[in-house]
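Numbering (this note's numbering), first residue to last: 183 to 665. Where is the CB? At the ideal position from N, CA and C, for every residue including glycine. Since this is a predicted model, take the numbers as computed values, not measurements.
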Amino acid sequence: MPEEFQQGVTAKKCENFSEWYNQVIQKAEIVDLRLGIKGFIVIRPWGAKIIEKIYDLYEEELQKRGHQPTIMPSVIPESNLKKESDHIKGFTPEVFWLETPKGSERLALRPTSETLYTPMFALWVRSHRDLPMKLYQRGAVFRLDTKATRPLIRGREFYWIEAHDAFATKEEAEAQVQEDIEMTEKVLHQQLGIPFLPMKRPEWDKFAGAEYTIGSDVLMPDGKLIQQPSTHLMGQKFSRAFNAKFKNKDGKEEFLWTTAYGPAMSRILVSIISTHGDDKGLILPTSVAPIEIVIIPIYTKKNKKEILEYCKKIKKKLEKDHRVHLDEREEHTPGRKFNEWELKGVPLRVEVGQKEMEEQTLTIFIRDMKKREKIQLKDSKKLKLLKREFDERLKKKAEEKLKKSIVECKTKEEIKKAIRNGKICKVNWCSTAKEGVPCAEYIEKNINADVRGTLGNKKETPSSNCVICGKTAKEVVYIGRSY
RNA sequence: GGGACUGUGGGGUAGCCUGGUAGCCUUUCAGGUUUGGGACCUGACGACCCCGGUUCAAAUCCGGGCAGUCCCA
């Protein structure tokens, strides 16, 4: 079919990622960009169902680890927002302010909710017996980003979960930060097949108000990194600002130690799309596919009724173990349905026609197979295995890509070359504290890349001096371009 | 933050320079024939981003706004 008539994706993922991305999110009916409000987006049913699934995966992990759901106001009184000085310095330029009645306090649309949770911790936590207190909410936050917005990647409203936890000691709080990374590993990597680098951000790049931040960097097809869930040790900064104390075992008052964790659903969707998708469209891991198996009936006028009846039987059988959809639309031919469901990323397709009915077999197409390649199945129990293997293949492929894109660099020239080739550089580094700023600025100005940080869950020892200034290296950092 | 470009039925586009009849492909709708990798025939609906200016006349020229894309910091 000539390209200009195609309803499917016409851009090639590896040649023109931006164009490919814009086409996929619209043609696969993830989003609609036509409402026209800068930084805000309409998410269509197919996209919303995927996001719901990601929410479910996360909430399950959070609850397993003792978090409880809450629902907080979407607005924050100005006085709350301004209690912690670093926090407000970081967020003020990005706040949407609401018009409020004369004489009442100004309200901000929440850009994040530390300043809602901490005052509630102050009320809810009386003694060490109330700790730890681990809460979360799903919801939207608003940030008036002045940079160019991009659908799902960078918006002024985004959908996430924010978990806010309070502890009696710093050790417990830091253990929570590590547990947060484990949750990212479980959901993002294990269930969605998206590998990441947990990066302890340099001092100059941490969350406004945090002691430290560990962000998860995920590779995009163009070689740039995108930040996925981040976790923050707030220490006692917010609890001091809001006077949130508890009585310890000795009856003495102490400030709470708090943490925050924030996985953004819309961004995770970006990584699912861009990590696994191909030139035909989306490829969804089974854990978030609204439909795992689509059944396409193939009939003629004579056997139509019979075939449809048989398909319904198969659907009923498969429904016990899978999310199944039978595409009964009469107005479309099988070929068109094949293309549509492939564009939407459905993992498995079952084709049922005269042949399958007579031979009692299933003709299976798996989304990552070559066109027209098909599998014949006698036993539908094997579908579970096919799904597992499919997810595993997606994960392996993404892991290899990330592994291949990390290169160790010993000189500035090597860094420059690697960045130009869309790689991530692993280098010896003087410091991610304030004294490392000049070296980081060198990277920014001359190589147009960022110091993303040090591994956040494992200590790496430098093998020689700082690659930029030549002084003693204290750390090993990763450098890359970013979204 | 700086720059370039763009906005025409639901989607993709022609027309814009040189002002005057909005053309094409696709989708959608109705009817019919079809259905193993994007079916066919017949018919129908549907558009110049918004505000202002110039002009007898603006999709076209000018100004502003809104929105989007790309490039650079």
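Supposed close pair LEU334, LEU451 - CB separation, criterion 8 Å
Going by Cβ atoms, the distance from LEU334 to LEU451 rounds to 6 Å, so yes, they are a contact pair.
Under three-state DSSP, which class holds TYR318?
Reduced to three states, the DSSP call for TYR318 is strand.
Please give me, in chain order, every unbroken run of the beta strand (DSSP E) with length at least 3 that falls completely inside the region 240-264.
257-259
Cβ-based neighbour list, ALA210, same chain, cut-off 6 Å, excluding 5 preceding and 5 following
GLY463, LEU464, LEU525 and LYS526
CB contact flag (THR294, GLU344, <9 Å):
yes
Is LEU379 helix, strand or coil when you go by DSSP?
strand
Between the alpha carbons of ASN610 and VAL506, how many angstroms are there, rounded?
51 Å
Exposure label - MET183; buried when at least 16 CB within 10 Å
With a pLDDT of 48 at MET183, under the threshold of 50, the modelled position of that residue is not reliable, and the figure given next carries that caveat. Taking a 10 Å sphere around the C-beta of MET183, we find fewer than 16 other C-beta atoms and assign the residue as exposed.
Close-in-space but distant-in-sequence residues of the same chain around GLU385 (CB under 7 Å, 5 per side omitted)
THR614, ALA615 and LYS616
With a Cβ-Cβ cutoff of 9 Å, do ILE455 and VAL206 count as a contact?
yes
How far does the alpha helix (DSSP H) with VAL452 in it reach, from first residue to last?
447-458
Starting from the N-terminal side, write out each stretch of the alpha helix (DSSP H) that is 4 residues or longer and does not extend beyond the region 307-371.
352-366
Taking just the CA atoms, how far does ARG422 sit from SER664?
34 Å
Going by the beta-carbon positions, is the gap between ILE612 and GLU657 smaller than 9 Å?
Residue identity differs from the one stated: residue 612 is Cys in this sequence, not Ile. Going by C-beta atoms, CYS612 is nearer than 9 Å to GLU657.
When you compare the region 435-447 with the region 353-364, are there three or more beta-carbon pairs, one atom per stretch, that lie closer than 8 Å?
The region 435-447, when compared against the region 353-364, does touch it at the 8 Å Cβ threshold.
If you draw a straight line from the C-alpha of GLN558 to the C-alpha of GLU241, how long is it?
37 Å
At the level of alpha carbons, what is the spacing between PRO314 and LYS246?
15 Å
Pull up the distance between the alpha-carbon of ARG575 and that of ILE606, whole angstroms please.
23 Å
According to the neighbour-count rule (16 or more other Cβ atoms, all chains shown, within 10 Å of its Cβ), is GLY397 buried or exposed?
buried
Straight-line gap, VAL191 to ASN198 (C-alpha atoms, nearest Å)
12 Å
LYS429 - containing beta strand (DSSP E), residue span
427-429
Tell me, which residues are paired with LEU401 by DSSP?
LEU407
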